[in-house]
Amino acid sequence: MTALLDWSECACPVRRYVPELARVPVQYIYEPWKAPIDVQERANCIIGKDYPAPMVNHLDAAARNKNNMKELRRILEKAPPHCCPSSEEEIRRFMWLNDDTESEVSTS
1 MTALLDWSEC
11 ACPVRRYVPE
21 LARVPVQYIY
31 EPWKAPIDVQ
41 ERANCIIGKD
51 YPAPMVNHLD
61 AAARNKNNMK
71 ELRRILEKAP
81 PHCCPSSEEE
91 IRRFMWLNDD
101 TESEVSTS
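Reminder that position 77 of the sequence shown reads as 77 in UniProt numbering, one-by-one numbering, no gaps.
Shown next, in the form of structure tokens:
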């Protein structure tokens, strides 16, 4: 977004299609909530009154998401509880093995 701030002509579509921001100085056109209150008053665009305040505080949201991802990683580090056979007999029934099969079947 800072690259756009260098180009005052890029503000033209914003000024045209968002009339509330028409008088906001170009350095605040893409983030009008960062303008000091005196600048907002001169532009007749008070944030929260004439133009909506930001819906998301990105720093807070990023911190919450980081904590959520850490918690998810912690949960997923544990081995998931898999369904497994409880005995050699259950393995033989499930795999349709005969009782006379020579191979040793392990349940662990």
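Beta carbons: idealized from backbone N, C-alpha and C, even for Gly.
Check                                                                                                         : Outcome
Is it buried or exposed for A62, if we count other Cβ within 10 angstroms and need 16 for buried?             : exposed
Beta-carbon separation of V39 and Y30 under 8 Å?                                                              : no
Would you please verify whether the beta carbon of N57 is less than 8 Å from any beta carbon of chain C?      : Note that chain C does not occur in the displayed structure, where there is just one protein chain.
For P32, does the count of other Cβ atoms within 10 angstroms reach 16, so buried, or fall short, so exposed? : buried
Report the three-state DSSP secondary structure of I75 (helix, strand or coil).                               : helix
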